[in-house]
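Here is the structure we will look at.
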Amino acid sequence: MTNAHLNRALVVGSGSIAKRHITNLRNLFPDLSLVCVSASGRMLNPAEVGASEVVPDLASAVRQNPDFAVIASPAPYHLIHADELLAANIPVLIEKPLCTSVRELDATKLSGYTARIGVAYNLRFMPAAQIVKKLIDDAAVGPISTAFAEVGQFLPDWRPGSDYRRGVSAVKDLGGGALLELSHELDYLNWFFGPFSRALGVIRNAGSLEIDVEDNVDVLLQQSGGQLVHVHLDFLQRHPTRRFKAIGAIGTIEWDLMANKVLLFHADGSTETVYEDPNYDRNQMYIDQMIAFIGSIKGEADFESTLDSSMQVMRLVESIRMSSDQSAWAEVEEPL
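Under the working numbering, the first residue of the sequence shown carries the number 51, and numbering increases by one thereafter.
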């Protein structure tokens, strides 16, 4: 892929994920001018974030006429920033989650710009994820009756050297909490299995982390055909865990995201290692995601993580919250 016709890109935000995008864009396209604006209005130093140029506000950034923008601001500001950029005909890659509530979506005009929006659910771009998706689509283990997804990691270990209690993951007003921060699992489950019809959720705060958001979530998701998916998300596990299992009529698929391994357990008792790459560079999924997004805005291919699929994730989030509040199953809102 070349950087023909790409002159300037904008990154909104100055946190760790914004800096990752800037570094990756710099390595992919050395001649690309990279403009950065702080989400908080703080004036940045270009060297602080690795940008070619910094600007004081989003209006100034829009006047730079970037070819595309990456929105890596805190989640409550995603749609505000997206609206302004899309109104100026600037394609956007929005960091996950898309927003913090379905109500925020209702106040925007995003649906008119579907083709110019991508949402950064980067786990889809792991080779292992693509393999698991194909195994499910090809019915490699027959009809699937039940699946499990789990992710847990001790929040203070996420960004050593910083106070985890002040980070966006731990602050309610910045869109923190396990449900939104770890919504990758909801995205890939929706991608693997299609829409879910209802949810039963329990959202809790164990109290040990001294944060004002939930630190663990347990969910049952059900499809209209009755199939169940169990989901567990937490900020508490000292031994990081991220895994998926699908139980089919003639076998079982297991995906260990930490070991980067996919196993297939056959009905005859044998085990097949379908994929394994313990040396996989996890930054590569962010690079592949960026290449795919740029390809989509050039018209070369569709970007898989769309506005519609991310809106479906937010509808799942809303139903899980409602279920937890009411201690009952909650229907997942149908798209309009």
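Here a beta-carbon is modelled for each residue, glycine too, at the ideal position from N, C-alpha and C. Just so we're clear, the structure is a prediction, and the values are computed from it rather than from any experiment.
8 Å contact criterion, which residue i and residue j should meet: CB distance rounded
i: A179; j: Y127; result: About 28 Å separates the two Cβ atoms, so there is no contact after all.
i: I87; j: D107; result: According to the sequence displayed, residue 87 carries Val and not Ile. The pair is a contact, with the Cβ atoms about 7 Å apart (cut-off 8 Å).
i: H71; j: V61; result: 6 Å
i: L236; j: N266; result: L236 to N266, Cβ: 15 Å. No contact.
i: L307; j: R288; result: Their Cβ separation, rounded to whole angstroms, is 17 Å, which puts L307 and R288 out of contact at 8 Å.
i: I261; j: R209; result: The pair is not a contact, with the Cβ atoms about 14 Å apart (cut-off 8 Å).
i: F198; j: F294; result: 7 Å
Neighbourhood of residue i by C-beta distance below 6 Å, restricted to the same chain and skipping five residues each side
i: T196; result: L278, I297
i: Y330; result: N310
i: Y325; result: A178, I181, V312
i: G345; result: A351
i: E384; result: none
i: L185; result: I303
i: I194; result: A296, G298
i: A138; result: V112
Proximity of residue i and residue j at Cβ, strictly below 9 Å
i: T150; j: A125; result: yes
i: G100; j: A190; result: no
i: N172; j: Q339; result: yes
i: A157; j: V142; result: no
i: Q114; j: V105; result: yes
i: A378; j: L250; result: yes
i: A111; j: V85; result: yes
i: L148; j: L357; result: yes
i: R166; j: I130; result: no
i: E387; j: I67; result: Because the chain here runs from 51 to 386, residue 387 falls outside it and cannot be looked at.
i: H280; j: V269; result: yes
i: S359; j: N240; result: yes
Rounded C-alpha distance that separates residue i from residue j
i: A317; j: D352; result: 37 Å
i: D188; j: V182; result: 10 Å
i: L314; j: E304; result: 6 Å
i: D213; j: G349; result: 42 Å
i: F242; j: S123; result: 28 Å
i: I341; j: L205; result: 30 Å
i: K159; j: G168; result: 15 Å
i: E98; j: T321; result: 49 Å
i: G65; j: A89; result: 9 Å
i: D375; j: V252; result: 8 Å
i: L283; j: P245; result: 20 Å
i: K222; j: G319; result: 47 Å
i: G227; j: G202; result: 13 Å
i: S233; j: A59; result: 27 Å
i: L259; j: G192; result: 42 Å
i: N77; j: S83; result: 12 Å
i: E154; j: G225; result: 12 Å
i: R174; j: S355; result: 8 Å
i: G275; j: D207; result: 40 Å
i: Q272; j: Q334; result: 33 Å
i: P290; j: V382; result: 30 Å
Sequence-distant residues of its chain with Cβ nearer than 7 Å to residue i (five each side left out)
i: A380; result: R248, A249, S369, M372, S373
i: Y336; result: R70, N74, N172
i: P328; result: A309, N310
i: A40; result: The displayed coordinates of the chain run from 51 to 386. Any statement about residue 40 would go beyond what the structure contains.
i: R254; result: E264, N266
### 4-residue-minimum alpha helix (DSSP H) runs that sit fully inside the region 51 to 120, ordered along the chain
66 to 78, 96 to 99, 108 to 113
#### Entry: Ordered list of beta strand (DSSP E) runs contained in the region 217 to 296, each at least 3 residues
248 to 254, 266 to 272, 278 to 284
### Task
Note down, one range per segment and in chain order, each beta strand (DSSP E) of at least 3 residues found wholly within the region 126 to 152.
142 to 145
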